[in-house]
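> Here the sequence shown stands for residues 18 to 251, numbered as in the numbering used here.
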Amino acid sequence: MDSNNFTRSKKLLELSQRFRETKSVFKLSVDSSSSQSNQYERLKKPSRAAVLICLFEEGDDIYVILTQRSSKLTSHSGEVSLPGGRRDENDTDDIRTALREAEEEIGLDPALVDVVTVLEPFGSKGNVSVVPVIGILWDKQAFNPLPNPEEVESIFYAPLEMFLKNENRREKEIEHRGEKFLHHYFYHKTNDRVYVIWALTAGILIDTASLVFRQPPDFQPRMPKFWNRNNNKL
18 MDSNNFTRSK
28 KLLELSQRFR
38 ETKSVFKLSV
48 DSSSSQSNQY
58 ERLKKPSRAA
68 VLICLFEEGD
78 DIYVILTQRS
88 SKLTSHSGEV
98 SLPGGRRDEN
108 DTDDIRTALR
118 EAEEEIGLDP
128 ALVDVVTVLE
138 PFGSKGNVSV
148 VPVIGILWDK
158 QAFNPLPNPE
168 EVESIFYAPL
178 EMFLKNENRR
188 EKEIEHRGEK
198 FLHHYFYHKT
208 NDRVYVIWAL
218 TAGILIDTAS
228 LVFRQPPDFQ
238 PRMPKFWNRN
248 NNKL
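1. Using the Cα positions of arginine 113 and phenylalanine 243, report the straight-line distance between them to the nearest angstrom.
2. How close, in whole Å, do the beta carbons of glutamate 188 and histidine 201 come, if the pair is a contact with beta carbons under 8 Å?
3. Are the Cβ atoms of valine 133 and phenylalanine 230 separated by less than 9 Å?
4. Considering only the alpha carbon of each residue, which of Pro233, Ile123, Val97 lies closest to glutamine 219?
5. Going by C-alpha to C-alpha distance, which of Leu69, Glu167, Ser87, Pro238 sits closest to isoleucine 17?
6. Below 9 Å between beta carbons: does that hold for glutamate 178 and alanine 216?
7. Measuring from the CB of proline 149, is there a heavy atom of the ligand SAH at a distance below 8 Å?
8. Relative to the C-alpha of valine 169, which candidate in Cys71, Gly124, Ala128, Pro233 has its C-alpha closest?
9. Check for me: the beta strand (DSSP E) holding lysine 206 runs from which residue to which?
10. Which partner residues of arginine 86 appear in the DSSP bridge assignment?
11. If you reduce the DSSP assignment to three classes, tell me which class aspartate 78 lands in.
12. Please check the pair leucine 72 and alanine 115, which I expect to be a contact at CB under 8 Å, by giving their CB distance rounded to whole angstroms.
13. Leaving out the 5 sequence neighbours to the left and right, which residues in its chain are closer than 7 Å to arginine 25 when beta-carbon positions are compared?
14. Would you decide whether valine 211 is buried or exposed? Buried here means 16 or more other CB atoms lie within 10 Å of its CB.
15. Check valine 135 in the structure and name its three-state DSSP category.
16. Can you give, in chain order, each stretch of the alpha helix (DSSP H) that sits fully within the region 98-135 and has at least 4 residues?
17. Taking buried to mean at least 16 other C-beta atoms within 10 Å of its own C-beta, is proline 241 buried or exposed?
18. Is the beta carbon of leucine 136 less than 9 Å from the beta carbon of proline 127?
19. Find out if the Cβ-Cβ distance for the pair glycine 102, glutamate 120 is shorter than 9 Å.
20. Among residues of its own chain, excluding the 5 on either side of glutamate 196, which ones have a beta-carbon nearer than 8 Å to its beta-carbon?
21. Nearest-angstrom Cα distance between glutamate 75 and aspartate 131?
22. Which same chain residues end up closer than 8 Å to lysine 182 when comparing Cβ atoms and leaving out the 5 residues on each side of it in sequence?
23. Whole angstroms are fine: how far does the CA of aspartate 209 sit from the CA of proline 166?
24. For the beta strand (DSSP E) holding glutamate 188, just list the boundary residues, first then last.
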């Protein structure tokens, strides 16, 4: 990943160092201790998925890579999501799942991504644990987006800080099994299109932005308890 053709962002270097110095929820390697072994067995369950929060800097802003899912898909068709998917039986860990899925969906070479931390999983209504994997794309110019037409309609970039702002956001109160919470809808215009980022993807990015910028959002998130969020204060 080292190259003489680009300069690493000072902002992302500081962010990377902070993430690495703070204990991640899941360590980036697995040792042979009993607790780690039991944890590793849990990671192999088919009800687990991982998404890649791939960050890069452009100008003075930190951006995240997002996709609009293909209308051909039977699940969440046409919705905005982070690159990722279900864990494969050959995946060694959540990092491998996230990187493999990103390569399959958008043509992102895993060698370009510097994984700096893994957050606690978010639970979903479909009884799937979704693990956010945070990685840094140091050399944005080396990434040649290649959307898989069977899975991805388009690839776009959004400034991470927008998920802390009230601008271009609306909310809707939802009730599920007696619990009332908010769905947040963020409207992002780019490439002559307006994308709507909402539901679990929006929730993950609100939490990630709060960790990256070390500040709460300008609004009350009121996220559902079944997401089981308990991330580190990175």
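Ideal placement from N, C-alpha and C gives every residue a C-beta, glycine not left out. All figures in this text were calculated on a predicted structure; none of them were measured in a lab.
The structure says:
1. Taking the sequence shown and counting its residues from 1, one reaches residue 113 at position 96. Taking the sequence shown and counting its residues from 1, one reaches residue 243 at position 226. Going by the C-alpha atoms only, they are around 25 Å apart.
2. By 1-based counting over the sequence shown, the position of residue 188 is 171. By 1-based counting over the sequence shown, the position of residue 201 is 184. Their Cβ separation, rounded to whole angstroms, is 5 Å, which keeps glutamate 188 and histidine 201 in contact under 8 Å.
3. Here residue 133 refers to the residue found at position 116 of the sequence shown. Here residue 230 refers to the residue found at position 213 of the sequence shown. Not a contact, by the Cβ cut-off of 9 Å.
4. Stepping through the sequence shown from its first residue, residue 219 is reached at position 202. For clarity, residue 219 is alanine in the given sequence; the question names glutamine instead. Of the candidates Pro233, Ile123, Val97, the one whose C-alpha sits nearest the C-alpha of alanine 219 is Val97.
5. The displayed coordinates of the chain run from 18 to 251. Any statement about residue 17 would go beyond what the structure contains.
6. Here residue 178 is taken as the residue at index 161 of the sequence shown, counted from 1. Here residue 216 is taken as the residue at index 199 of the sequence shown, counted from 1. Their beta carbons are not under 9 Å apart, which means glutamate 178 does not touch alanine 216 by this criterion.
7. The model on display carries no ligand, and the ligand SAH is accordingly not part of it.
8. Within the sequence shown, the letter at position 152 stands for residue 169. Among Cys71, Gly124, Ala128, Pro233, the Cα nearest to that of valine 169 belongs to Gly124.
9. Looking up residue 206 in the sequence shown gives position 189. Per DSSP, lysine 206 belongs to the beta strand (DSSP E) from 196-207.
10. Numbered from 1 along the sequence shown, position 69 holds the residue referred to as residue 86. Paired residues: Val169.
11. The residue labelled residue 78 in the question sits at position 61 within the sequence shown. Residue state, collapsed to three classes: strand.
12. Here residue 72 is taken as the residue at index 55 of the sequence shown, counted from 1. Here residue 115 is taken as the residue at index 98 of the sequence shown, counted from 1. Not confirmed; about 13 Å, so no contact.
13. Counting from one through the sequence shown, the residue named residue 25 turns up at place 8. Contacts found: Trp155.
14. What you label residue 211 is simply residue 194 of the sequence shown in a count that begins at 1. The residue is exposed, with fewer than 16 neighbouring Cβ atoms inside 10 Å.
15. Your numbering for residue 135 matches position 118 in the sequence shown. Three-state result, valine 135: strand.
16. 111-123
17. Residue mapping note: residue 241 aligns to position 224 of the sequence shown, counting from 1. Under this definition proline 241 is a buried residue.
18. Residue mapping note: residue 136 aligns to position 119 of the sequence shown, counting from 1. Residue mapping note: residue 127 aligns to position 110 of the sequence shown, counting from 1. Their beta carbons are not under 9 Å apart, which means leucine 136 does not touch proline 127 by this criterion.
19. Residue 102 sits at position 85 when you count from the first residue of the sequence shown. Residue 120 sits at position 103 when you count from the first residue of the sequence shown. For glycine 102 and glutamate 120, no; Cβs fall outside 9 Å.
20. The count along the sequence shown starts at 1 and reaches residue 196 at position 179. Correct list, in chain order: Pro241, Lys242, Phe243.
21. In the sequence shown, residue 75 corresponds to position 58, counting from 1. In the sequence shown, residue 131 corresponds to position 114, counting from 1. One C-alpha to the other measures close to 17 Å.
22. One-based indexing of the sequence shown puts residue 182 at position 165. The answer, listed in chain order, is Pro234, Asp235.
23. Numbered from 1 along the sequence shown, position 149 holds the residue referred to as residue 166. Numbered from 1 along the sequence shown, position 192 holds the residue referred to as residue 209. Roughly 20 Å separates the two Cα atoms.
24. Residue 188 sits at position 171 when you count from the first residue of the sequence shown. Residues 186-193.
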